[in-house]
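In order, the protein sequences belong to chains A and B.
Be aware that the first sequence starts at 1, since it is given in this note's numbering, and climbs by one per residue.
Be aware that the second sequence starts at 1, since it is given in this note's numbering, and climbs by one per residue.
Here a beta-carbon is modelled for each residue, glycine too, at the ideal position from N, C-alpha and C.
A quick note: this is a predicted structure, and the numbers were derived from the prediction, not measured.
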Amino acid sequence: AQSVTQPDIHITVSEGASLELRCNYSYGATPYLFWYVQSPGQGLQLLLKYFSGDTLVQGIKGFEAEFKRSQSSFNLRKPSVHWSDAAEYFCAVAPDNYGQNFVFGPGTRLSVLP
Amino acid sequence: EPEVTQTPSHQVTQMGQEVILRCVPISNHLYFYWYRQILGQKVEFLVSFYNNEISEKSEIFDDQFSVERPDGSNFTLKIRSTKLEDSAMYFCASSDTGQSNQPQHFGDGTRLSIL
């Protein structure tokens with residue numbers, strides 16, 4: 001069965017600093033990968049997705065992620081964090097069939113210091 | 001931008017009572033989903049729904065749960081005889097084609113508190 005791990009439960013960075021959130025997956029086939037962000041009291045908003053092609057994908061709010069098959073990773077990055085980026089970030093894997101469930105990682109909570 | 005809407009935002013219910021959580025998916029979407037997030041834990045899949053029937057469900061989705069699309073716009077999750085451990089945030093999602101390379105669009109969730 002597929003699984004997703006996010007090794008960092010909580011990360012704190014200073015505003016303006018760079019950010020990398022780690023995501024590793026366990027899945028036999030080519031995965032479809034997503035990053036979602038959840039602000040306090042809000043739903044899940046899609047940041048970006050990868051399913052083929054260029055392994056570096058750009059998303060909204062200045063985020064990007066790189067798919068590395070050899071490392072089974074899909075790390076999320078941002079060169080300069082803003083205070084409004086403080087939220088919970090979830091990596092998700094989708095199986096390669098129709099109408100099926102996403103498997104979410106446990107999430108990484110990001111705190112931003114002024 | 002069209003969005004998934006969920007009502008109510010917060011539901012408080014006595015243990016043993018039935019509760020219905022409501023969702024209005026994005027209008028041209030065909031696949032619908034319910035997920036659950038217990039406080040402090042990860043988002044867990046409950047069920048997916050297409051063409052008026054369940055296409056997949058998780059082990060969590062037992063006989064206590066049911067889903068329905070009563071009309072052309074609403075998608076509901078019913079929990080019969082609620083238990084304390086049903087307290088969680090429940091998210092509805094929808095997608096247009098159901099292909100796994102298409103993102104699921106999530107609502108803001110309903111916080112269910114069982115007393």
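| Item | Value |
| --- | --- |
| Residue range of the unbroken beta strand (DSSP E) whose run includes ASN24(A) | 24-26 |
| Status (buried if at least 16 other CB within 10 Å, exposed otherwise) for PRO25(B) | buried |
| LEU115(B), DSSP secondary structure in three states | coil |
| Distance between LEU115(B) and GLU64(A) (C-alpha atoms, nearest Å) | 42 Å |
| 8 Å Cβ cutoff, GLN104(B) in contact with chain A | yes |
| C-beta atoms of LEU116(B) and SER58(B) nearer than 8 Å | Outside the shown range of chain B, which is 1 to 115, sits residue 116(B), and nothing can be said about it. |
| Of the listed residues THR5(B), PRO8(B), GLU3(B), VAL12(B), nearest to ASP86(B) (C-alpha basis) | VAL12(B) |
| According to DSSP, residues forming a beta bridge with GLN58(A) | GLU64(A) |
| Interface residues of chain A facing VAL24(B) [CB-CB closer than 7 Å] | Within 7 Å Cβ-Cβ: nothing; VAL24(B) doesn't reach chain A, min ~13 Å. |
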